[in-house]
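In the working numbering, the protein residues as written are 2 to 140.
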């Protein structure tokens, strides 16, 4: 095997993974700083980012209440085109918005494009029992 070529490939691959994880984390942190219901754990050297979309109990634009992790997953996919894996897939209870996002098959450009869609989807939510038009969304 060509050890030098393998080492060079790994160096490029690791830089790309780190850049995408950082871009996604920074984007979610920026949304959180704007009082949107999301928080993320800093990247831990894998291809996944752990995040909590604090949406349980919120209502989507159609008035449906988000009841658990599976509803969070479905809402983010339908409203923002963002696929997440809820922690219930790993054996946790389905009562939170904790999930994993993978950067394995997305580019920096795709991450940059998803953040405005995600922001719009989060702002479209409203707390249960509230009237529409809440600035900032569900939080």
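Don't be surprised by glycine CBs; every beta carbon is placed ideally from N, CA and C.
- Residue 49 is bridged by DSSP to 103.
- Going by DSSP, residue 68 is part of no alpha helix (DSSP H) at all; its letter is neither H nor E.
- Secondary structure note for residue 9: its alpha helix (DSSP H) is the uninterrupted segment 4–34.
- Annotation note: the region 77–122 contains no uninterrupted alpha helix (DSSP H) run of length 4 or greater.
- In terms of Cβ geometry, residue 59 and residue 48 do not form a close pair [threshold 8 Å].
- A Cβ-Cβ separation of about 7 Å places residue 85 in contact with residue 101 under the 8 Å criterion.
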